[in-house]
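K.L.:
After the structure tokens below, expect a handful of questions from me.
Shown next as structure tokens:
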């Protein structure tokens, strides 16, 4: 007879998610998610703040990937106003967004290795994440919630000494990630724990609306950065990592290779960055109309649907968060699996509950 | 079999490498030049216009009466350190300092009245590590 | 299928329920249908390769007395988005569920029901999702009559 | 008036029942009793175990931290946080012991005491080093290896008891896992031990050590050593095989509900188990107390410390396995390897007999 176990909210590994598991022995038969512990009503708050004031707030929708979220929102505002950021600002945005993506992916890798009690990789990833945070601090003035990308451009230019330090850190990281490869991805025990666990086929992944690295791990070749290019991505050269197995190991591996690609993008952007202004004037009000934009964040595709009403406050803002879409994949996969695989599947999707609840 | 042994070798290898830790209470990292810490108010320049209070996303700034004039008062229990007030100040009366150790035992201590906000930042009393050193011996090709 | 072709197809096959169909910009079209034609439109879009929803949004327009529900549907092959939209009355908002067409719409519809009170007929799990358990029945936070309390 | 006779107690009986004080003191201060007291209180008893736990916890945390490129314990005590365990112990003593409302009160409170006792009792049967005319051991029996392993394999039953008594779903799951895990490691453990016993021709740990004068058994029994080490790791729940208390899955397994010093006892018993497992590995495969120059005890402790370090570093080297993978590894890999080793040992003994 199955027992209903509340896996979460007071569990070492659950985060802010509660999964009600129907467990028979050591096998989970059915899963029901209970989210909303971090629901802050960000979509409602948007109607009460001016469009500029909302930038630091939307960054809180996903603390670990804040610049990408801000970029998604700012792009929607700019598209509605018909403003385009200057060329140099586009490159700076790419740099901030990619640093933010590395930060997010390293954290995801840390948490996934934690699910097996593998603290070594957790701390190594966190150590090297600190270096990225230092770079972001140099560039934006804050370590986690940057508030760097604003409608019309970016707030500051590259600081003195940033290029040298960035190349130093990125060269180090480029070498260092192969240590991760040896320690984590070639570790037989980690392979045993993650290979063949939570297999999501291509068809299922597409139908469930799974997005980001989790989608690409299932063999779907889709990346907003390449297929619907924004900012300076069409001028930069990078590969979209696609694997075909669709299990937890592959999801982690896609993220790992994306770190390398992000390093490549930042290096190019730092080399190619043109001179020029970094911010243009924007109108004080949002015009009437509506717009839907999407960007690729570390967790997947972020869609922002923005309705303006001729005031300086949005009439309606919808955040279609990547983790919210991946949650469907998680619930779909947490059926007929051993109890020990629940945290592995959960963290292989890199679901952040701040982002699901909003 | 080697995929079981290699991590063991890696683990023993790293046991003798230099550590990453910054011993925080004893030494602190130097914040970047642009670091957004506590906001310092220049009372001579401030004209009490209230733009900072208007632009603040979290309503952390209120204008209060001080020596017969209006000055901003900062509530760091609400502040998100976005720095919009500093950006928008028409007289450049506000400025970020590098002070970030603002924790206190009660909420009231986090409200910085204009005179308290005008105080210069406390200097670090501990050893300051300027920048994190990168270990060139980490990564493949080095062991 | 390219968005231009999708719009043509929709115009040809859904003429009786179609209110508006146009290509807004590159790779982005929007199609407005009457609520009774929603399922047919969704099936047509799925045939055209629009395989999964990216978001389901409800927008409350009290002056018009209706709630607009927008399904942003993505296609992997064309890298395009179609916004499938429909409007229901505010007093008794009710739509057929599209869960049988797109599996991924499940939680999106649940959230829309919770936040705006749009009832999706036939949805198997229409219950509290993001809001707390003791949230008052019949109060929908994203409707315009719900005001945030002024901060102290 | 009738005089009733006052009953008198025979003097012999009095002497028998209440021995005179001087004799009592003499008896208690006799060398045998004193030796027993030293054994129980100093080595291998409480003092040694406390000291070992302190150094082991510190060493494990330090080693673990160094692999992570961290510093580890830093503040408490003289050499970089050596007294961390004492600080933790004081903290645990100050904590309230909470009993869950629906728990079986007696069994619930009995379990941590029992598991600690069980771990400590094992120490009584290990002969540590030769003293003139015998061995430094609390209770000598020629079948001490059997006794030790029998006592060791009682641990899962106490875990099941604790898991059942706690009346918590995670505890029950942990208890079930303890039962599964018992099936996985017990057979390879016994088989790999058997290969050594065949070579030495005795169940006595002292004899086994004595027969390793020329060559440590790790050379002829390398496979057996690997199997024994891995099975022992599962037995004492070290990280890649700590499936019973898997923190990320089932909180803390059977011990989820315990607080305060009861939790302290459980953690303590884990470190006692590491000490015993290291002693067993040292004595069965690494030549026990043999070694040039130093006192036998010193050699034993050095070797045992190195073995402990290898038990500890597993935590920072491999992620945890799943229970089905452990069962699979136990029956498909460890048992065949151990059987190969047993036959190899038999062949070796036979060849030695025939040739010489």
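Chains as they are written, first to last, in my numbering: chain U, 430 to 787; chain L, 1137 to 1279; chain W, 3 to 154; chain V, -13 to 342. The C-beta atom is built at its ideal place from N, Cα and C for all residues, glycine as well. Bear in mind that the values here come from a model prediction, so they are computed numbers and not experimental data.
1) Can you give me the Cβ contacts of residue 1240(L) inside the same chain, cut-off strictly under 7 Å, excluding the 5 residues immediately before and after it?
2) Determine the direct distance from the alpha carbon of residue 114(V) to that of residue 607(U), and round the result to whole angstroms.
3) Suppose only complete runs of 4+ residues qualify. What are the alpha helix (DSSP H) ranges in the stretch 1138 to 1171 of chain L, listed by chain order?
4) Under the criterion of a Cβ to heavy atom distance below 7 Å, does residue 1239(L) qualify as lining the ligand COA?
5) What residue does the alpha helix (DSSP H) around residue 488(U) start on, and which one ends it?
6) Taking 8 Å as the cut-off, decide whether the C-beta atoms of residue 186(V) and residue 197(V) are in contact.
7) Under 7 Å between beta-carbons, which chain L residues line up against residue 55(V)? List them in chain order, please.
8) Buried or exposed: which applies to residue 776(U), given that a residue is buried once 16 or more other Cβ atoms fall within 10 Å of its Cβ?
9) Leaving out the 5 sequence neighbours to the left and right, which residues in its chain are closer than 8 Å to residue 129(V) when beta-carbon positions are compared?
10) Specify the secondary structure class of residue 91(W) as computed by DSSP and reduced to three states.
11) In whole angstroms, give me the CA-to-CA distance for residue 1175(L) and residue 754(U).
12) Anyone know if the C-beta pair for residue 214(V) and residue 264(V) falls short of 8 Å?
13) Is residue 593(U) helix, strand or coil when you go by DSSP?
14) Here's the rule I'm using: 16 or more other beta-carbon atoms within 10 Å means buried, otherwise exposed. How should residue 574(U) be labelled?
15) Consider the Cβ of residue 622(U): report whether some Cβ of chain V lies at a distance smaller than 8 Å.
16) Tell me the rounded alpha-carbon separation between residue 629(U) and residue 686(U).
17) At least one CB of chain U closer than 8 Å to the CB of residue 1249(L): is that the case?
18) At 4 residues or longer, and completely inside the stretch 50 to 82 of chain V: list those alpha helix (DSSP H) runs for me, N to C.
19) Assess contact between the stretch 1175 to 1195 of chain L and the stretch 1216 to 1227 of chain L, defined as three or more Cβ pairs (one per stretch) separated by less than 8 Å. Is contact present?
20) Are the beta-carbon atoms of residue 84(W) and residue 120(W) separated by less than 8 Å?
21) Let me make sure I understand the geometry here. Which of 69(V), 321(V), 338(V) has the alpha-carbon closest to that of residue 210(V)?
22) Flag residue 71(W) as yes if its beta-carbon sits less than 8 Å from any beta-carbon of chain U, otherwise no.
23) Using a Cβ-Cβ distance cut-off of 8 Å, determine whether residue 1170(L) contacts chain U.
24) Answer yes or no: does any C-beta atom of chain W fall closer than 8 Å to that of residue 681(U)?
25) Taking 8 Å as the threshold (C-beta atoms), are residue 100(W) and residue 117(W) in contact?
26) Beta-carbon separation of residue 536(U) and residue 558(U) under 8 Å?
27) What would DSSP say about residue 565(U), mapped onto helix, strand or coil?
28) Taking 7 Å as the limit between beta carbons, can you name the residues of its chain near residue 653(U), skipping five residues before and five after?
29) I need the boundaries of the beta strand (DSSP E) containing residue 1210(L), first residue and last residue.
30) Relative to the C-alpha of residue 96(W), which residue among 146(W), 35(W), 23(W), 71(W) is closest?
31) Compute the Euclidean distance between the alpha carbons of residue 462(U) and residue 68(W), then round it to the nearest angstrom.
32) Would you say residue 638(U) and residue 74(W) are within 8 Å of each other, going by their C-beta atoms?
33) Measuring CB to CB, does residue 1207(L) end up less than 8 Å from residue 1182(L)?
34) According to the Cβ coordinates, are residue 769(U) and residue 494(U) closer than 8 Å?
35) So if I threshold CB-CB distances at 7 Å, which residues from the stretch 27 to 58 of chain V count as touching chain L?
36) How long is the line joining the alpha carbons of residue 168(V) and residue 658(U), rounded to whole angstroms?
P.N.:
The answer reads as follows:
1) 1246
2) 46 Å
3) The stretch 1138 to 1171 of chain L contains these whole alpha helix (DSSP H) runs: 1138 to 1150.
4) Ligands are entirely absent from the displayed structure, and the ligand COA is therefore not among its contents.
5) Residue 488(U) -> alpha helix (DSSP H) spans 483 to 488.
6) yes
7) 1150, 1153, 1155, 1156
8) Buried: at least 16 other Cβ atoms inside 10 Å.
9) 189, 190
10) strand
11) 39 Å
12) no
13) Looking at residue 593(U) - three-state DSSP - the assignment turns out to be helix.
14) buried
15) yes
16) One C-alpha to the other measures close to 20 Å.
17) no
18) 70 to 79
19) yes
20) no
21) 321(V)
22) no
23) yes
24) no
25) With contacts defined by Cβ atoms closer than 8 Å, residue 117(W) and residue 100(W) do not form a contacting pair.
26) yes
27) helix
28) 723, 724, 725, 730
29) Counting along the chain, the beta strand (DSSP E) containing residue 1210(L) begins and ends at 1205 to 1211.
30) With distances taken between Cα atoms, residue 96(W) lies closest to 71(W).
31) 31 Å
32) no
33) Result yes, Cβ atoms of residue 1207(L) and residue 1182(L) sit closer than 8 Å.
34) no
35) 49, 52, 53, 55, 56, 57
36) 57 Å
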